[in-house]
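Here the structure is laid out as structure tokens; the discussion comes afterwards.
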Amino acid sequence: MRWSLFLAICAQSVFADCDGECDASLLMQQKKDVTGRLDKPKAKVEAADCNHLIEAMGRGINIGNTYDMHQDDQNPKTVKERVEWIKSQGFSHVRLPVTWGDSFDPTSQLTKDVTEVADYALDLGLCVIINTHHEEWLKEHYDGSKYFNDKFWSLWHNIALHFQSRDRHLVFEILNEPEKAFGSWPGSGNWPQPFDQWRQQLTRQINAVGYDAVRKVSPDRMVFVSPNAMASIGTVKAIYPTKWNLPGGGNDECVGVTVHTYDPWNFAGDTGKNSFYGTVEKMKLGLYDTWKDLRAWQFNSGIKLYIGEFGIGRRDCCKAERNTDLVREYYKFAMNHFRANGWSAAAWDDPGWFA
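So, in structure tokens, the structure goes:
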């Protein structure tokens, strides 16, 4: 069972006993802007309103490359076994990436499978995050036109209608990793740069389109939106500097931002190297510094933050190297750090590249 590596890296390290000082001491030693609250598995927090939802979501795992890239077994029976494992380890939510295409078909096998898995997770008491994931029809061609806006609005309106009866523990993420036409980092192809103002505006616009479609159906369901450059921690401040820049104009308590961090890539990427840091102490100091701007932005803006993906890559070249205490400490430190700052987070797991 491929979960054995993930059990070794994530479950045991993230939830290992900690007396409150193992990671908090490092944080408090360097800065006093981080609390020492390192939560442990506990009973599900009721999401009575969106102000409590981040706490209800807590720690989670992605069921990656299953309904988004179709690399893994999509049989609901198999996926529900994974959901059971996630629940049994004390996690509070699952992120369920889905590639729907440019329209929603309520009768498709994809919709039936995703619905069965989502409902099963909700029945177990987990929060569930559903998104639109590898939507290349949009990411490669979006120009802000009515044609694309109408298609994306219809997609999200129909998704929202389909799941309308579910309670607030079902959460929507408008668009996974806006990139390409929305702006990408150098080396990602011949695409515009992420700090191009027009590309930033397109990112805010597409998020607003999806948000509006959801709100026409569900006025108080939690919705997360992403910055461009693949939900980068490096662009979030430029896209959403304050809550007033969010969809809803800062007046909607049920909207937040989600970012992804595989930073620094030379360490955490799928061909990254443990030698980038070498020791656990250097790694912790380096990661603390890597996330300092994210901490400052979230503290100053007050925007609800969800780390929708983080993790360590492990291509065939690097699998043996990754099965080490350094990597296990990464997962423990990262998850505890995110939770200490009051953010929810989900480790990325897929059939072969990560976790």
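Its first residue numbered 48, the sequence shown is counted upward by one per residue in our numbering.
All C-beta atoms in this analysis are idealised placements derived from N, C-alpha and C, irrespective of residue type, glycine included.
Residue environment, residue i, which counts as buried when at least 16 other CB atoms sit within 10 Å
i, result
"aspartate 120", "exposed"
"asparagine 383", "buried"
"alanine 343", "exposed"
"aspartate 86", "Residue confidence for aspartate 86 is low, a pLDDT of 48 falling below 50, so the modelled location carries little weight; the figure read from the coordinates is stated next. Aspartate 86 should be labelled exposed."
"threonine 154", "exposed"
"serine 72", "Because serine 72 carries a pLDDT of 37, less than 50, the predicted location of this residue cannot be relied on, and the following value inherits that uncertainty. It is exposed - the Cβ of serine 72 has fewer than 16 other Cβ atoms within 10 Å."
"glycine 234", "exposed"
"histidine 117", "exposed"
"serine 231", "buried"
"aspartate 197", "exposed"
"alanine 367", "exposed"
"serine 391", "buried"
"tyrosine 324", "buried"
"serine 265", "buried"
"asparagine 298", "exposed"
"threonine 113", "buried"
"glycine 172", "exposed"
"glutamine 345", "buried"
"threonine 308", "buried"
Beta-bridge pairing of residue i - partner residues as DSSP gives them
i, result
"asparagine 178", "Glu220"
"alanine 393", "Gly107"
"glycine 303", "Phe271"
"serine 279", "His307"
"glycine 360", "Phe401"
"tyrosine 114", "Val145"
Host alpha helix (DSSP H) of residue i (start-end)
i, result
"glycine 257", "244-262"
"glutamate 183", "183-186"
"arginine 142", "Here arginine 142 belongs to no alpha helix (DSSP H); instead the beta strand (DSSP E) covers 140-143."
"tyrosine 167", "156-170"
"asparagine 347", "339-348"
"aspartate 372", "372-387"
"threonine 125", "123-135"
"phenylalanine 151", "Unbroken run through phenylalanine 151: none, as it is neither H nor E."
"tyrosine 194", "193-209"
Span of the beta strand (DSSP E) around residue i
i, result
"phenylalanine 357", "352-357"
Reference residue i; option with closest CA among the options
i, options, result
"glycine 349", "Glu328, Thr318, Gly295 and Pro288", "Pro288"
"asparagine 205", "Tyr353, Gly257 and Asn370", "Gly257"
"phenylalanine 219", "Thr162, Arg268, Ala165 and Val126", "Arg268"
"arginine 215", "Asp152, Phe151, Val302 and Gly236", "Val302"
"glutamine 156", "Leu249, Asn196 and Asn122", "Asn122"
"tyrosine 189", "Arg246, Pro241, Pro144 and Asp396", "Arg246"
"threonine 136", "Gly399, Gly107 and Asp310", "What sits at residue 136 in the sequence shown is glutamine, not threonine. Selected option, being the one with the closest Cα: Gly107."
"asparagine 1", "Pro398, Lys351 and Asp363", "Residue 1 lies beyond the stretch modelled for the chain, which goes from 48 to 402, so this question has no answer here."
"tryptophan 132", "Tyr114, Tyr167 and Asp310", "Tyr167"
"lysine 227", "Glu182, Pro398, Ser212 and Asn313", "Glu182"
"threonine 326", "Leu217, Pro144 and Val374", "Val374"
"phenylalanine 195", "Val270, Leu169, His209 and Asp149", "Asp149"
"glutamate 102", "Tyr353, Trp238, Trp400 and Trp312", "Tyr353"
"phenylalanine 151", "Ser201, Lys186, Thr162 and Gly296", "Ser201"
Residue i beta carbon near the ligand NAP (any heavy atom closer than 7 Å)
i, result
"glutamate 102", "Among the ligands in the structure shown, none appear at all, so the ligand NAP cannot be discussed."
Beta carbon proximity, residue i to chain D, threshold 8 Å
i, result
"valine 304", "Looking at the structure shown, chain D is missing, and only one protein chain is on hand."
Would you call the segment 133-141 and the segment 159-178 in contact, with 3 or more CB pairs under 8 Å?
By the Cβ rule, the segment 133-141 counts as touching the segment 159-178, because three or more pairs are nearer than 8 Å.
Would you check if the segment 281-298 and the segment 371-386 touch, i.e. whether three or more CB-CB distances between them fall below 8 Å?
Judged by Cβ distances under 8 Å, the segment 371-386 makes no contact with the segment 281-298, as fewer than three pairs qualify.
With a cut-off of 8 Å, do at least 3 Cβ pairs link the segment 266-285 to the segment 312-322?
The answer is no - the segment 312-322 does not touch the segment 266-285, with fewer than three Cβ pairs under 8 Å.
Can at least three beta-carbon pairs, one atom from the segment 126-138 and one from the segment 95-102, be found at a separation below 8 Å?
These segments do not touch.
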